[in-house]
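Peer 1:
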C-alpha cells in the first residue's frame, strides 16, 4: 500500500484497524486515507466489510485495534454523537430515516448539532435545490417516499450538518439506473462544493466514475488500492466485480 | 339520583381517576419510547413521590405549591440516578433484562419506602379542599377533583409542547423512532435515557401526590402501575396520545361499569378491558400498525 500517504492533507486517516461485527472478525488490519475535498471509493463484494468500515469511522462500532484520526482528533473511541460534531456525517446503508417524520423534519434532524435557524433554513433550500422532488414532498412522511426519494433524503439529511466528510453507504443499492443517474451528479456537485466523500459501492464502475482513488476490500482485508485506471485495469477486480 | 345524573356523577369520578391513570401511563410509555425499556417500577416511583410529598407537607409544613415543585425536582433527580446506576447498562439488551431489573428495583423501592416512612396507611392531606360542593341535579364535585383534572391536563399540555418544541423533546422522539439514526444526527442516547427517567419519575410523583388523598397513602399504592399498563394498551402501546386517551377512557368506563353492573365488577373491569383489547384490537385505539422501517 505504498500509495497510502499521498501529498495533500489527509482529512481522515484509518490506521491498521481490526473490527469485530458481533463475533465475526470483520475488518483485518485496514488502513486508508481520505484527503480533503476528495472522493474516495471503497469497493468489494457483499460481506467484504465495507459497511462495517463506515460504521467504525462514524462511531457506531469501536475497533479492537488500531486508530482513526480525523483532523488531528483521535476518534476511534469516540461515540457516534460526538463524532458528528467534529464534522463527519454518515448516510447509512438501509437509509435509517425517521419513518414517521416528514421529509422536512428528517432534514431538520440532520442539522441537530447546529444552531442558527436562518442558516439551517438556507441549507434546507439548498437541499431542495439538489433534489427538487424532496422539496415537492417536504411535508410527506418519509415512509411514503419511493426508494430513490428515500435515498435522496438520506443523503440530504447527511448534508444538513455541513460535514467536512460524508460517509455514503451504497447509494445506488436497490435503485433503478435512471434514479442512480440523478443521484451521482449530485454527489459530484457536493464534492465540488467542498465536502469530502468516502463512498462505499458494490458497483465499481459507478463508484470509480466519481472517485479519484479506491480501495478494494475482500473478506475484511484490503487487497488493492489505486486510482480508477489502475483498479479497472486490474485482472482480479475485473473478474470479481465487473464480471469480466 | 336519576339515572342521567348517576351516569354524569360516575363520569366525573371517572375523569379524576382517568387523569391519574393517564399521567402514570404517559410516564410508563415515555420510558418505553425513549429507551425501549419496560419500567415495572413506575408504580413505586409514583408512591415514592407521594411519600416525599407527604413529608414535605406534613413534616416540613410547606405550602402545597412548593410541595409540588420540590417533589417534582427531587423525584426527577432520583429518577435520573436510577437511570445512571442501573438502566443505562440495560439499553439495547433483551427486554427480559430490563423487565427483571425494573421488577427488582420496584421491590427494593417498596421496602425502602416502608422502612424510611412506614408500611402502614397514612392520611395524605389533600392538595385542594376535598369537601363536596353541591351542583344541580344532585351532583357533587370537590375542588380536589377539579384540581386533579386541571393539573393533569396542564401537565399533559406542557409535556406535549416539550416533546414537540424543545430540542430535548425532539431528540426523544427521534430516538424512539430510530436509535441508530438519532445517534448519527448527534443525539446522545444516554442523555435521552436520563431525561426520560427523570421526567417519568417527576410526573409520576405529581400523580402520586394528587391521588393519594383519594386512595390511601400506602406502599401498596404501587399497584396503580397495572391500571396504567391497561390504559397504555387500550390507547395503543407506544403511543403517548394513546396513553392519555386510554387512561381517561379507562377511568370513565371503570366507573360507569359500577352503574350497570354489581359493584364488585369495578375491580375486575380493567382486566376484562385488557383481555378484550388484546383479543379484538391489539394495536389499541391509536396504536399505529407496525411502521415500516426505512
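Protein chains in written order, with our numbering: chain A, 1 to 244; chain B, 1 to 294. Positions of the beta carbon are idealized from the N, C-alpha and C atoms, including for glycine.
At the 8 Å Cβ level, is residue 186(B) part of the contact set with chain A, yes or no?
Peer 2: Taking Cβ atoms only, chain A reaches closer than 8 Å to residue 186(B), which makes this a yes.
Peer 1: Grouping DSSP H, G and I as helix and E and B as strand, with all else coil, what is residue 222(A)?
Peer 2: DSSP places residue 222(A) in strand when its eight states are reduced to three.
Peer 1: Per DSSP, what kind of secondary structure is residue 10(A) in: helix, strand or coil?
Peer 2: Of the three classes helix, strand and coil, the one that applies to residue 10(A) here is strand, per DSSP.
Peer 1: Can you find a C-beta in chain B that's less than 8 Å from the C-beta of residue 174(A)?
Peer 2: For residue 174(A), the answer is no, since every Cβ of chain B falls outside 8 Å of its Cβ.
Peer 1: Does the distance from the C-beta atom of residue 67(A) to that of residue 35(A) stay below 8 Å?
Peer 2: No. Outside cutoff.
Peer 1: Do you know how far the Cα of residue 46(A) is from the Cα of residue 165(A)?
Peer 2: Near 24 Å, if we compare the C-alpha coordinates of residue 46(A) and residue 165(A).
Peer 1: As a quick exercise: from 44(B), 35(B), 15(B), pick the residue whose alpha carbon is nearest that of residue 203(B).
Peer 2: Considering only alpha carbons, the answer is 44(B).
Peer 1: List the endpoints of the continuous alpha helix (DSSP H) containing residue 280(B).
Peer 2: Looking at the DSSP string, the run of the alpha helix (DSSP H) that includes residue 280(B) is 265-280.
Peer 1: Going by DSSP in three states, residue 48(A) sits in which element: helix, strand or coil?
Peer 2: Residue 48(A) falls in the coil class under three-state DSSP.
Peer 1: Within this structure, are the beta carbons of residue 246(B) and residue 232(B) separated by less than 8 Å?
Peer 2: A contact, by the Cβ cut-off of 8 Å.
Peer 1: On the DSSP bridge list, what partners appear for residue 70(A)?
Peer 2: Partner(s): 12(A), 73(A).
Peer 1: Cutting at 6 Å between CB atoms, please list the residues of its own chain near residue 192(B), excluding the five before and the five after it.
Peer 2: Cβ within range, chain order: 34, 171, 172, 175.
Peer 1: Can you confirm whether the region 21-37 of chain B touches the region 237-246 of chain B when touching is taken to mean that 3 or more C-beta pairs between the two stretches lie within less than 8 Å?
Peer 2: With the cut-off at 8 Å, the region 237-246 of chain B and the region 21-37 of chain B touch.
Peer 1: Check for me: the beta strand (DSSP E) holding residue 201(A) runs from which residue to which?
Peer 2: From DSSP, the beta strand (DSSP E) with residue 201(A) extends over 196-201.
Peer 1: In terms of residues, what are the limits of the beta strand (DSSP E) holding residue 28(A)?
Peer 2: Note, residue 28(A): beta strand (DSSP E), 24-35.
Peer 1: Buried or exposed: residue 156(B), going by 16 or more other Cβ atoms within 10 Å of its Cβ?
Peer 2: Under this definition residue 156(B) is a buried residue.
Peer 1: Against residue 93(B), what residues of chain A qualify as contacts under a CB-to-CB distance less than 8 Å, listed in chain order?
Peer 2: In chain order: nothing, as chain A lies at least about 14 Å away.
Peer 1: Can a CB atom of chain A be found closer than 8 Å to the CB of residue 283(B)?
Peer 2: It does not: the Cβ of residue 283(B) has no partner Cβ on chain A nearer than 8 Å.
Peer 1: Please find out if some non-hydrogen atom of the ligand NAP comes closer than 7 Å to the beta-carbon of residue 194(A).
Peer 2: Judged by which ligands are present, the structure shown has none, so any question about the ligand NAP falls away.
Peer 1: Count the other CB atoms within 10 Å of the CB of residue 123(B); is the residue buried (16 or more) or exposed (fewer)?
Peer 2: Residue 123(B) should be labelled exposed.
Peer 1: My understanding is that residue 173(A) touches residue 208(A), with C-beta atoms under 8 Å, so please give their C-beta distance in whole angstroms.
Peer 2: The pair is not a contact, with the Cβ atoms about 17 Å apart (cut-off 8 Å).
Peer 1: Does residue 96(A) come within less than 8 Å of chain B when only Cβ atoms are used?
Peer 2: Yes, contact with chain B.
Peer 1: Could you tell me whether any Cβ in chain B is nearer than 8 Å to the Cβ of residue 236(A)?
Peer 2: Not an interface residue.
Peer 1: Got a sec? Which residues, its chain only, sit under 6 Å from residue 143(B) by beta carbon, not counting five neighbours each side?
Peer 2: 128, 129.
Peer 1: Identify the residues that DSSP records as bridge partners of residue 65(A): which are they?
Peer 2: Per DSSP, 18(A).
Peer 1: Using three-state DSSP, classify residue 165(A) as helix, strand or coil.
Peer 2: If DSSP states are grouped into helix, strand and coil, residue 165(A) belongs with the strands.
Peer 1: Taking 7 Å as the limit between beta carbons, can you name the residues of its chain near residue 83(B), skipping five residues before and five after?
Peer 2: Cβ within range, chain order: 193, 194, 197.
Peer 1: Can you tell me whether residue 255(B) is buried or exposed, with buried defined as 16 or more other CB within 10 angstroms of its CB?
Peer 2: Buried.
Peer 1: Determine the closest residue to residue 96(A) out of 155(A), 63(A), 217(A), 120(A), with distance taken between C-alpha atoms.
Peer 2: Answer by Cα proximity: 155(A).
Peer 1: Quick one: does residue 216(A) have its CB under 8 Å from some CB of chain B?
Peer 2: No, because no Cβ of chain B sits closer than 8 Å to the Cβ of residue 216(A).
Peer 1: Using the three-state DSSP reduction, which class does residue 115(A) fall into: helix, strand or coil?
Peer 2: Residue state, collapsed to three classes: coil.
Peer 1: Under a three-way DSSP split, which group does residue 134(B) fall into?
Peer 2: In the structure shown, residue 134(B) sits in a strand (DSSP, three-state: E or B).
Peer 1: Please report the distance separating the alpha-carbon of residue 104(B) from that of residue 42(B).
Peer 2: Spanning the two alpha carbons is a distance of roughly 12 Å.
Peer 1: Do residue 167(A) and residue 89(A) come within 8 Å of each other at the CB atom, strictly closer than that value?
Peer 2: Yes, the Cβ-Cβ distance between residue 89(A) and residue 167(A) is below 8 Å.
Peer 1: Please confirm if residue 100(A) has its CB atom under 8 Å from at least one CB of chain B.
Peer 2: Closer than 8 Å to some Cβ of chain B, the Cβ of residue 100(A) qualifies, so yes.
Peer 1: Under the three-state reduction of DSSP, which class applies to residue 89(A): helix, strand or coil?
Peer 2: In the structure shown, residue 89(A) sits in a strand (DSSP, three-state: E or B).
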